[in-house]
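S.K.:
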Amino acid sequence: MLAPSGIQEYLDLGLHGWAMSRYCGCWVAMKTTSDTVESSATVEVDPQRLNIVLPEDFILPKDGVHIRWPDPQLAAEHRMQEFKIYAAVAYARANKLNHLVFDSRRPRLGIIACGKAYLDLRQALDDLGIDEKLADEIGIRLYKVGMPWPLESEGVRQFAQGLEEILVVEEKRQIIEYQLKEMLYNWREDVRPRIVGKFDETGEWPKPPHQWLLPPTAELTPAIVARAIAARLRRFFTSEAIEHRLAVLDAKDTALARPRLTPLRTPYFCSGCPHNTSTKVPEGSWALGGVGCHLM
Numbered sequence: 188m189l190a191p192s193g194i195q196e197y198l199d200l201g202l203h204g205w206a207m208s209r210y211c212g213c214w215v216a217m218k219t220t221s222d223t224v225e226s227s228a229t230v231e232v233d234p235q236r237l238n239i240v241l242p243e244d245f246i247l248p249k250d251g252v253h254i255r256w257p258d259p260q261l262a263a264e265h266r267m268q269e270f271k272i273y274a275a276v277a278y279a280r281a282n283k284l285n286h287l288v289f290d291s292r293r294p295r296l297g298i299i300a301c302g303k304a305y306l307d308l309r310q311a312l313d314d315l316g317i318d319e320k321l322a323d324e325i326g327i328r329l330y331k332v333g334m335p336w337p338l339e340s341e342g343v344r345q346f347a348q349g350l351e352e353i354l355v356v357e358e359k360r361q362i363i364e365y366q367l368k369e370m371l372y373n374w375r376e377d378v379r380p381r382i383v384g385k386f387d388e389t390g391e392w393p394k395p396p397h398q399w400l401l402p403p404t405a406e407l408t409p410a411i412v413a414r415a416i417a418a419r420l421r422r423f424f425t426s427e428a429i430e431h432r433l434a435v436l437d438a439k440d441t442a443l444a445r446p447r448l449t450p451l452r453t454p455y456f457c458s459g460c461p462h463n464t465s466t467k468v469p470e471g472s473w474a475l476g477g478v479g480c481h482l483m
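Sequential numbering of the sequence shown, starting at 188, is according to our numbering.
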């Protein structure tokens, strides 16, 4: 599964998705969000923009990985479990679909994100006044994931080395977080970083409901991510400037939550719509509304 962050990446990862599918023989999915697909942007469509690299460190079976006829079920399962998934991971590694964005000379907190959540994270860092220079001083290392499942392990291990803690920023449930914990589980305790995301280090089940660090419901916002980052930074770094910016974000959210008097906009038919006169609601009945003419 690929997770583009913006419109340009929909094109870039779309081309990678086709190339990956041809190489590994798997269906390749792409996660889309309305905030991105219902927006516009200026993009580069140069066909030479991407340099697609086929893996040299993975050996495909002699008979290939693609479907054929006849194709017994056990043979197809064997190809999937033994070759195709790992071929996809090898492609992601060769083309650096997951990569380090910036590092620190003395890294302590690693942040990993993908898709729209990555843009929310970058906005959150900007809202807190944390640029790459300050991130270097604080000890923040940032890793961007373009393929959240299956998660390529070699890059993750390099990213995790030397860190005290990793914060996983992702939408909904823990796709990256659970894979990350599995990959690092057998590391020695003195070198294995704490991993937090939806919950802090106390974990999910000991907590009462609604005690999320990054909630899995609705959508993440830069303000939510900023609060999570600030909470984890307080363990080893304090800054009046960051706390002031956090207070400004809280004040904005409080102001937006206040009830407002807004003019009512009564739903009605577009000018010239035949449903304007043909739709008659029987007495005692309710008419329902929707966005667009699909309701008709």
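Beta carbons: idealized from backbone N, C-alpha and C, even for Gly.
#1: Go ahead and pull the three-state DSSP assignment for residue 331.
#2: Check whether the stretch 350-370 and the stretch 299-306 touch, using three or more Cβ-Cβ pairs below 8 Å as the test.
#3: With H, G and I counted as helix, E and B as strand and the rest as coil, what does DSSP make of residue 451?
#4: Counting pairs of beta carbons, one from the stretch 315-324 and one from the stretch 283-297, are three or more of them closer than 8 Å?
#5: Give the straight-line distance between the Cα atoms of residue 342 and residue 237, rounded to the nearest whole angstrom.
#6: With a floor of 3 residues, list each beta strand (DSSP E) that falls wholly inside the stretch 296-329, ordered by position along the chain.
#7: Looking only at C-alpha atoms, which of 193, 209, 453 and 210 sits nearest to residue 225?
#8: Ordered along the chain, which non-local residues of its own chain (more than five positions away) have a Cβ less than 7 Å from that of residue 408?
#9: Which one of 475, 249, 204 and 421 has the shortest CA to CA distance from residue 334?
#10: Leaving aside the five residues before and after residue 399 along the sequence, list all residues of the same chain whose C-beta is less than 8 Å from its C-beta, in chain order.
#11: For residue 199, count the other beta carbons within 10 Å of its own beta carbon; 16 or more makes it buried, fewer makes it exposed. Which is it?
#12: Run through the DSSP bridge pairs and tell me what residue 287 is partnered with.
#13: Alpha carbons only, please: which of 260, 444 and 313 is nearest the one belonging to residue 432?
#14: Under 6 Å Cβ to Cβ from residue 359, same chain only, skipping five residues before and after it: list those, please.
#15: With 16 as the cutoff for other CB atoms within 10 Å, does residue 196 come out buried or exposed?
#16: For the candidate residues 350, 450, 210 and 456, whose alpha-carbon lies nearest to that of residue 271?
#17: By Cβ distance, which residues of its chain are closer than 6 Å to residue 381, with the 5 residues on each side in sequence left out?
#18: Hey, could you find the ends of the beta strand (DSSP E) residue 354 is sitting in?
#19: Quick check: residue 348 and residue 378, are their CB atoms within less than 9 Å of each other?
#20: Taking residue 374 as the reference, give the member of 350, 363 and 393 with the closest Cα.
#21: Which class does residue 236 belong to by DSSP, given the choice of helix, strand or coil?
#22: Roughly how far, in whole angstroms, is the beta-carbon of residue 296 from the beta-carbon of residue 420, given that I think they are within contact range, below 8 Å?
#23: Going by DSSP, which residues form a beta bridge with residue 217?
#24: Excluding five sequence neighbours on each side, which residues of the same chain lie with their C-beta closer than 7 Å to the C-beta of residue 284?
#25: Under a three-way DSSP split, which group does residue 381 fall into?
#26: What is the DSSP secondary structure of residue 250, reduced to helix, strand or coil?
#27: In this structure, how does DSSP classify residue 271 when only helix, strand and coil are distinguished?
#28: Tell me whether residue 390 is buried or exposed, calling it buried when 16 or more other Cβ atoms sit within 10 Å of its Cβ.
#29: Is residue 413 a contact residue of the ligand SAM, with contact defined as CB to any heavy atom under 8 Å?
M.R.: Judging by the given coordinates:
#1: strand
#2: yes
#3: coil
#4: yes
#5: 20 Å
#6: Entirely contained in the stretch 296-329, the beta strand (DSSP E) runs reaching 3 residues are, in chain order, 296-301.
#7: 193
#8: 307
#9: 204
#10: 385 and 386
#11: By the neighbour-count definition (other C-beta atoms within 10 Å, threshold 16), residue 199 is a buried residue.
#12: 330
#13: 313
#14: Setting aside the 5 residues that flank it on each side, residue 359 is surrounded in the same chain by 403, each with a C-beta closer than 6 Å to its C-beta; the list follows chain order.
#15: The residue in question, residue 196, is buried, as its Cβ has 16 or more Cβ neighbours within 10 Å.
#16: 210
#17: 352 and 388
#18: Per DSSP, residue 354 belongs to the beta strand (DSSP E) from 352-356.
#19: yes
#20: Scanning 350, 363 and 393 for the CA closest to the CA of residue 374 turns up 350.
#21: coil
#22: The Cβ separation is near 7 Å, so the contact holds.
#23: BP columns for residue 217 point to 189.
#24: Taking residue 284 as the centre and dropping the five residues before and after it, the same chain places the C-beta of 203, 333 and 334 closer than 7 Å to its C-beta, in chain order.
#25: strand
#26: coil
#27: helix
#28: By the neighbour-count rule (16 or more Cβ atoms within 10 Å), residue 390 is not buried but exposed.
#29: Absence of the ligand SAM is noted for the structure shown, with no ligands found whatsoever.
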